[in-house]
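Protein chains in written order, with this note's numbering: chain V, 13 to 242; chain W, 13 to 242; chain S, 13 to 242; chain H, 13 to 242.
Number of protein chains: 4
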Amino acid sequence: MPSPTFLALPADRRDRLVREAITEFSERPYAEASLSQIAQRAQIAKGSIYQYFDDKLDLYRWLLTDEAPRHKRAFLGTPDPAGDFWAGFETMIERGMAFLVEHPRLARLTAAAADPSATPDVRGLHKAICEAGIDELRAQLARGVATGAIAHPDLDLDIATRLVAAIIGPGLTDVVLQELGASLHEVLASDTLRKRLGPARRRRLAHQAVLLIQGGLGAARRPLRRKART
Amino acid sequence: MPSPTFLALPADRRDRLVREAITEFSERPYAEASLSQIAQRAQIAKGSIYQYFDDKLDLYRWLLTDEAPRHKRAFLGTPDPAGDFWAGFETMIERGMAFLVEHPRLARLTAAAADPSATPDVRGLHKAICEAGIDELRAQLARGVATGAIAHPDLDLDIATRLVAAIIGPGLTDVVLQELGASLHEVLASDTLRKRLGPARRRRLAHQAVLLIQGGLGAARRPLRRKART
Amino acid sequence: MPSPTFLALPADRRDRLVREAITEFSERPYAEASLSQIAQRAQIAKGSIYQYFDDKLDLYRWLLTDEAPRHKRAFLGTPDPAGDFWAGFETMIERGMAFLVEHPRLARLTAAAADPSATPDVRGLHKAICEAGIDELRAQLARGVATGAIAHPDLDLDIATRLVAAIIGPGLTDVVLQELGASLHEVLASDTLRKRLGPARRRRLAHQAVLLIQGGLGAARRPLRRKART
Amino acid sequence: MPSPTFLALPADRRDRLVREAITEFSERPYAEASLSQIAQRAQIAKGSIYQYFDDKLDLYRWLLTDEAPRHKRAFLGTPDPAGDFWAGFETMIERGMAFLVEHPRLARLTAAAADPSATPDVRGLHKAICEAGIDELRAQLARGVATGAIAHPDLDLDIATRLVAAIIGPGLTDVVLQELGASLHEVLASDTLRKRLGPARRRRLAHQAVLLIQGGLGAARRPLRRKART
DNA sequence: TATGAATGAGTTTTCATTCAT
DNA sequence: AATGAATGAAAACTCATTCAT
């Protein structure tokens, strides 16, 4: 948790630090990320960072649990709980891919949370983040069940949630990267790649994902409008 | 590639080294794993490791591309290509979970290949492994399509393969760990946990996964009854 | 190039480091000189050296191209270009020997630049230094030619410069050491030896050198009388 | 000193070891030369080297004090003590340059003996070699004095010997390398360079050197026939 | 006698963290 | 509050030398 000093920092100074920290942590594994680099690039004394955060992990934690989620939420917007469940689901997936494309560094930071290696401290952190995501997804699926959009006789909600999370998490990320013909690192380096995964393409991918999930979750097969069958 | 010297090592010495190396690399991300630690715990001179392997990466690569796959293949056995597609698929998944439970350190090592952080050299290594796995799965699914077991009108085999891989990879791992009520690291520490995910439970989980996948891939819905309900 | 940090160091600390570095590099060939030793003897943390210099070579380069020449220039003073050529030449040689006797460690450092072994990086460094010395000497001899002090019918200035450089460089150093009845290393160890090569003796040696050079370069033979024969 | 075992070795095996040892020691400074490299390239077990020589230094010493001088002597032939002194001197110098050009690795090994850095053990070795060379040259110059070929009123034979040694040692080597437009290391690498310093060119350089020395040593100026003045 | 695996001390280098200014 | 110099533990890696076979 950042110190009050940090929170009261002039926006410019604060932003410089945050920006460079995100860059550094998104480009190298935690162990190899260097506070010296961050300090130097942000034009901030190394000692100052230690006045804002307890240590390297504290800074990383804050980025992962506060800064990144805040941006992500702002980007995704709030889903409309009233609309059609599957349409909403598909939109959510599409927005997720858009986030990956538009904010690759933040997305990368978040993706790192899935890394099952990592040192104990970092692992705890990652686990917390993952579970939060799972909880959110479970609630959403529960809504689907409640509205009848999901209706599989044998469904175990907990298990299904985790499997679906894998699809829309690592699964779709993998697909996107495959589409880009690049590794995440190369995406970070070149902004031009972003153009290669425009909204239309993203919608198609989201649709494929929903198709798989929908079938698996026992939804009626037909309602799949949009560019699908007609 | 290990030197002939290494391959000709007395079993005891060799095993000590391999064991401790797997432990180290499965407990920390590559960047944080320490050859000194490995040497010390294996009771082997640091210099000796450098007679067996070119460097840290060479040892890691060998574990990841030779040692782990060899054990995994031996454990999984060869699937029967003649039998029912979905039954075979379900078995494969069950064996995968069994491997995770019986050889958690090796499973963990393999899982690390999904780590999207890592330094360029390591990433290259990981990517190669992942793609190999994807290729294998794609071939398997293609067989399903050929036999009619998979029959979805809109199916894009490439995309589907990656999404299915996410389900049976990170997805099921996550589920298993949830079942164990523990993180992979805790599993590594305590062998007794293994008992909590016996064959029956594993079969049930595998079934749930196949359910999701099967529905998503447009297979006929009924045949899903095998060892399930009845 | 040393960092600003280094240049702003408290004199005491800075001197300790410089002194021990010169000692180390003057006592062993570059490859065998150890930063750990320097740090330990200078009572400075190993890490600190890396805040002052990029690496081992950077420190060595600075000593060789900045520190040593600065001291040498300060010691030698500026020669009087107006005076008699050969008298000036003889003085220069005498001062060179005096430097060797008074600052043996620095002289030794400079002499090391003649080492034809060494690793490519170091060789490049050495070569640059040698060529700079040669250029300076060539200019000086050219002045002698211009003033008529040097007048040999067959003279090839480039070749002559290099041969003369050998005389006043390795040649005289060798003579001096012979006089001292010791190797340079023993000179380094015992300051008392310095007394055995006082100004008078040095002048005599310088005279012998000039004698050889002068004859070889075709100067008129007579004017050689100064403090020599009476 | 090599063990009897070594001396009794089959020529082939012995030669392989000697050849690779010379190569290694002529390409890197003593500290960086690697016995492992030598053993590997010579196809001889590392342990065997320790049966032939006490240690790294022992091997190096033998090369420097036995092997290299033997070859050099064989190459130079015995000078004719009866002929004209200066003509003989010039021939000696020319042969020395020829040796440098024809056997660069051996020459390089010998040149290293001039390196004033080096660790105490190595230094002692170098010093002994140098003094041997000096003694030989002094004897030769003494012969010149006896025959009247050298006749300088103020001559100090000891000093003169050392200065002349500097000319025909480091001095001429330097000139030769300058002629070749290359560093000694580059000479080692490319045999084609040898052609650029053929006998004619070498004679001219030798002549220039003798010119300088002769004048300096007070010889009569005229007898310098050959391509000199006419 | 020949072998080459094993050893471990020693090297350069990095970096999170502290603390005096 | 901000600074950035100082620190030292730890890492990867090398290589002369030993010694059991």
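By construction, the Cβ of each residue, glycine as well, lies at the ideal position given by its N, Cα and C atoms.
The residues I225, in chain order, have a CB closer than 6 Å to that of V176/S in the same chain once the five nearest residues on each side in sequence are set aside. Take E191/V, set aside five residues on each side of it, and the residues of its chain with a beta-carbon closer than 8 Å to its own are R208, L209, R213 and L217, in chain order. Under the Cβ distance rule, I61/H does not count among the residues neighbouring chain S, no pair being separated by less than 8 Å.
With a beta-carbon spacing of about 5 Å, A54/W and L29/W fall inside the 8 Å limit used to define contacts. Annotation: the continuous alpha helix (DSSP H) that includes D133/V extends over P132 to T159.
Taking a Cβ-Cβ threshold of 9 Å, the residues of chain W close to R40/V are A43, S129, A130 and T131, in chain order. Look at the segment 80-94 of chain S: it has no residue with a C-beta under 9 Å from a C-beta of chain H.
Only residues of its own chain outside the window of five on either side were considered, and among them none has a CB closer than 6 Å to the CB of Q152/S. Q220/W reaches chain V at D166, L167, D168, I171, A172 and L175, counting residues in chain order whose Cβ is nearer than 9 Å. Counting the other CB atoms within 10 Å of its CB gives L137/V a total of 16 or more, which places it among the buried residues. Here I34/W has L75, R117, L118 and L121 as same chain residues with Cβ atoms under 7 Å from its own Cβ, once five neighbours each way along the sequence are excluded. Between A43/V and E44/W, the C-beta gap is smaller than 8 Å, which places the two residues in contact.
The beta carbon of P182/V lies closer than 7 Å to those of A126 in the same chain, with the five residues before and after it left out. Counting other Cβ atoms within 10 Å of its Cβ, R215/S reaches 16 or more and is therefore classed as buried. The beta carbon of P182/V falls within 8 Å of a beta carbon belonging to chain W, placing the residue at that interface. In this structure, F101/S sits away from K84/S, with a CB-CB distance that is not shorter than 8 Å.
A distance of 8 Å or more separates the beta carbons of L167/H and A154/H.
One Cα belongs to R26/V, the other to A51/V, and the distance between them is close to 12 Å. In the three-state scheme derived from DSSP, where H, G and I count as helix and E and B as strand, M13/S is classed as coil. Where A178/H is concerned, the enclosing alpha helix (DSSP H) starts and stops at L169 to A178. Contact of L229/H with chain S by beta-carbon distance below 8 Å involves L224 and G227. The contact set of Q190/S on chain H, defined by CB atoms closer than 8 Å, consists of D170 and R174 in chain order.
H115/S carries a coil assignment under DSSP once its states are collapsed to helix, strand and coil. By the criterion of at least three beta-carbon pairs nearer than 8 Å, the segment 63-74 of chain H is in contact with the segment 131-146 of chain H. Non-local beta-carbon contacts of S48/W in its own chain, meaning distances under 8 Å to residues more than five positions away in sequence, involve K58 in chain order. When C-beta distances to chain W are compared with 7 Å, the residues of the segment 139-159 of chain V below that value are K139, in chain order. Counting every other CB atom within 10 Å of its CB across the protein chains shown gives P41/W a total of 16 or more, marking it as buried. Contacts with chain V at 8 Å (Cβ-Cβ) do not include V113/W. A direct Cα-to-Cα measurement between T159/S and W98/S gives close to 11 Å. For R40/W, the secondary structure class from DSSP, reduced to helix, strand or coil, is coil. In this structure I105/H touches I180/H by the C-beta definition: roughly 6 Å separates them, less than 8 Å. The beta carbon of S15/W is closer than 7 Å to those of Q63 and Y64 in its chain, skipping five residues each way along the sequence.
Taking every protein chain shown into account, the CB of G156/S has 16 or more other CB atoms within 10 angstroms, so this residue is buried. When only Cα atoms are considered, A94/V and V222/W end up about 31 Å apart. For P22/H, no alpha helix (DSSP H) run applies, since DSSP gives it neither H nor E.
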